[in-house]
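Enquirer:
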Amino acid sequence: MDDGKIVELYHARDESAISASAEKYGRYCHSVAYGILGNHEDAQECVSDTYLRAWNAMPPHRPGNLRTFLGKITRNLSLDRLDRLSAEKRGAGEGTAVLEEIAQCIPDTSAEETDGAILKEAIDRFLASLSAETRKIFVRRYWYMDSVHEIAVRYGMGESRVKVILFRTRNRLRKHLEKEGITL
Amino acid sequence: MKDKKLLRAIGDIDDRYIEEADADAKPRRFPLYRFAALAASVCVVIGCVIALLSRPSTVVPSVSGTEPMETSPDTAPETFPDIMDGRYPPYFFIINGDASVEYYALSIWEALRYELLIEGATTVSDETLLPITEADLGERMGTVTGGSLHGCTVHHAARYPSLDSICIVDTPDGYLYYTASWLTLEDAIGQNSDAVLAAYGLPDFAAEAEVLSGEGEVLLALTEAETREILAILADKTNIGMAENNRLYANLWQDTYGNDDIYYDEESGTVREKNIPTERKTYTYTTEDGVTVAVEVNGNTDVYELKSALFHTGQRQILIATDRGFYFTVTYTPSIRTCSVGDGYYRLSEAESARMNTLLKIEQ
């Protein structure tokens, strides 16, 4: 079923929108959640909640890209869950490690906190400035939260090289945000 | 908080970059699909149901063709509801009303396990799955109960006539494979492990067994005699429950380190860590060229690392395939001498644990 039809089902309050979403994007959403949480149970619960969020968001929302729309919901829910996870489960996925890395990108500025929409645009401009290879590696690590090993396998390069690319790109992001006057 | 804000902002980047990075998707963490264990089955179902029921006046999409229904804490049943009463999204189905086996859509690992893909394929899609024809249909298993496929006929796969872990459903869109990796069983505290073993047909119908590390790496295959001995150790044990299992973890920490940085929280029944101040730390990476790169990060991971080493060193997953194709999956944690199967936690004696360590070749 094409995405437009699935979105129409949501707008028509037709419950088969849920099963169509699950069939088409369930595996994708699960991989996003699993990357962050590293736990099938937690990941599956986030995916289940994703459909409910989507059901509540449509209507009125009409996403242009259903796949990434659902993926973004799953990612946010998974980050919420990562916050709540008990000490025992913490660190099972890549979420905790990624959070430590991302702390290095925080610009050293002290002005008033930048609005979220402006921050997003600044990050988009930063991504546009990268080579396709670097951008994909950055997005795999900080959007999908793949492990360094997985990225190395995916792009056929050594783990050390991936780490170096990520390290340099984090520094570039920090400088880019500082240059744009972003304060977090 | 700033790091979280930035991480969330990255989550909202332009869709094209998300798509670009996923364009050449390969199966992820493939070995771990091997033990999407019993725990997952029970917790997922209960989790979904509790999650849905716990939302006050939440509209829950119906899958039975009726209007979406309202639930609220006032109307939600106190007992675990029938998962197949048509109110929940159809992630899975059961056959002929037998709730002990739940069938899910095919994962990449299962597609590889049952050799259902064209040569060289690394993803599951309409293009990579071998076509299913009538010749692939084995004996009729029954009909689907629940979900969007309710009433559809289910067949065994002709290539695997004795396995109940894979089936072919005659859906309105054509034939589709569905699989079940485990059984969904009650895991009540106080329950005897013999009931779980019997449900799997164990020890009589153990087919093959292997041992994996906590990270999913296959470490060794077990002989039939070794498998039987492990199952004998597991027999006639009482389920102490997850909370008691967590208490064992906290006690171990306190006995080892003499502090309560990690403690058992009575209210939630979980292990928690005290708020520990973060500090700036330096990690070093060595590149392929031998250059050492120092990276400064915020955060104190010492306690997590200590905890992980103390609790999980030597942890193993034991996968025992049964004659019906299901995996009896045991997580053995030597630090607290427990074996978990699904939501059941079974404590071993010191002697049993020592024997288990020997059988699983866990170095002390």
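So the sequence lines, in the order shown, correspond to chains W and B.
Numbers 1 to 184, taken from our numbering, label the letters of the first sequence in order.
Numbers 185 to 548, taken from our numbering, label the letters of the second sequence in order.
Ideal placement from N, C-alpha and C gives every residue a C-beta, glycine not left out.
Can you list the residues of chain B that residue 120 (chain W) reaches, using a CB-CB cut of under 8 Å?
Expert: Those within 8 Å of residue 120 (chain W) in chain B are 193, 196 and 197.
Enquirer: Quick check: the stretch 384-403 of chain B against the stretch 497-508 of chain B, are there 3 or more CB pairs under 8 Å?
Expert: The stretch 384-403 of chain B vs the stretch 497-508 of chain B: in contact.
Enquirer: Can you tell which of B:282, B:205 and B:409 has its C-alpha closest to the C-alpha of residue 137 (chain W)?
Expert: Comparing Cα-Cα distances from residue 137 (chain W) to each of B:282, B:205 and B:409, the minimum goes to B:205.
Enquirer: Looking at the unbroken beta strand (DSSP E) that takes in residue 289 (chain B), where does it start and where does it end?
Expert: Counting along the chain, the beta strand (DSSP E) containing residue 289 (chain B) begins and ends at 282-289.
Enquirer: Just to make sure I have the definition right: I need the residues of chain W whose C-beta is within less than 8 Å of the C-beta of residue 204 (chain B). Which are they?
Expert: Here the neighbours are 132, 135, 136 and 139.
Enquirer: What are the start and end residues of the beta strand (DSSP E) that includes residue 409 (chain B)?
Expert: It is not in any beta strand (DSSP E) - residue 409 (chain B) instead sits in the alpha helix (DSSP H) that spans 408-418.
Enquirer: Using a beta-carbon distance cut-off of less than 7 Å, what residues from the stretch 58-76 of chain W approach chain B?
Expert: Listed by position, the residues of the stretch 58-76 of chain W near chain B (Cβ gap below 7 Å) are 65, 68, 71, 72, 75 and 76.
Enquirer: Under 7 Å Cβ-Cβ, which residues of chain W neighbour residue 187 (chain B)?
Expert: Correct list: 99, 102, 103 and 106.
Enquirer: Residue 47 (chain W) to residue 535 (chain B), Cα distance in whole Å?
Expert: Their backbone Cα atoms lie some 42 Å apart in a straight line.
Enquirer: Helix, strand or coil, according to DSSP, for residue 457 (chain B) in the structure here?
Expert: In this structure, residue 457 (chain B) counts as strand in the three-state DSSP scheme.
Enquirer: For the beta strand (DSSP E) that contains residue 363 (chain B), what are its first and last residues?
Expert: Note, residue 363 (chain B): beta strand (DSSP E), 358-363.
Enquirer: Just confirm the distance between the C-beta atoms of residue 201 (chain B) and residue 135 (chain W), as a whole number of angstroms; I'd bet it's less than 8 Å.
Expert: Confirmed, about 6 Å.
Enquirer: Could you list which residues in chain W have their beta carbon closer than 9 Å to that of residue 289 (chain B), in chain order?
Expert: Simply 22, 23, 26 and 27.
Enquirer: By DSSP's criteria, residue 340 (chain B) is part of a beta bridge. Which residues make up the other side?
Expert: According to DSSP, which records beta bridges pairwise, residue 340 (chain B) is partnered with B:351.
Enquirer: DSSP has residue 548 (chain B) in a bridge; who is on the other side?
Expert: Paired residues: none, contrary to the question.
Enquirer: Give a yes or no on whether the C-beta atoms belonging to residue 418 (chain B) and residue 523 (chain B) are separated by under 7 Å.
Expert: Going by C-beta atoms, residue 418 (chain B) is nearer than 7 Å to residue 523 (chain B).
Enquirer: Which chain B residues are close to residue 116 (chain W), counting only those with a beta carbon under 7 Å from its beta carbon?
Expert: In chain order: 193.
Enquirer: At the 7 Å Cβ level, is residue 190 (chain B) part of the contact set with chain W, yes or no?
Expert: Interface residue, yes.
Enquirer: Put residue 390 (chain B) into one of helix, strand or coil per three-state DSSP.
Expert: Strand at residue 390 (chain B).
Enquirer: Comparing C-alpha positions only, which one of B:538, B:283 and B:312 sits nearest to residue 299 (chain B)?
Expert: When each option's Cα is compared against that of residue 299 (chain B), the closest is B:312.
Enquirer: Given a threshold of 16 other Cβ atoms within 10 Å of its Cβ, counted over all protein chains shown, does residue 339 (chain B) qualify as buried or as exposed?
Expert: Per the 10 Å Cβ criterion, buried.
Enquirer: Under 6 Å: does the beta carbon of residue 20 (chain W) sit that close to some heavy atom of the ligand SAM?
Expert: Absence of the ligand SAM from the depicted structure is noted, as is the absence of any ligand whatsoever, leaving it without description.
Enquirer: Report the three-state DSSP secondary structure of residue 192 (chain B) (helix, strand or coil).
Expert: Helix.
Enquirer: In this structure, what does DSSP give as the bridge partners for residue 312 (chain B)?
Expert: In the DSSP output, where bridge partners are listed per residue, residue 312 (chain B) has none listed.
Enquirer: Is it right to say residue 72 (chain W) is buried, meaning 16 or more other beta carbons lie within 10 angstroms of its own, or is it exposed?
Expert: It counts as buried.
Enquirer: Any contact of the stretch 339-356 of chain B with the stretch 311-325 of chain B, i.e. 3+ C-beta pairs under 8 Å?
Expert: With a cut-off of 8 Å, the stretch 311-325 of chain B and the stretch 339-356 of chain B count as touching, because enough Cβ pairs lie within range.
Enquirer: What does residue 201 (chain B) reach in chain W if we use C-beta pairs closer than 8 Å?
Expert: Those are 124, 127, 135, 139 and 143, listed as they occur along chain W.
Enquirer: Give, in chain order, every residue of the stretch 6-18 of chain W whose Cβ lies closer than 7 Å to some Cβ of chain B.
Expert: Result list: 13, 15, 16 and 18.
Enquirer: Assuming residue 124 (chain W) and residue 198 (chain B) are in contact, meaning their beta carbons sit under 8 Å apart, how far apart are those beta carbons, in whole angstroms?
Expert: Yes, residue 124 (chain W) and residue 198 (chain B) are in contact; Cβ-Cβ is about 5 Å, under 8 Å.
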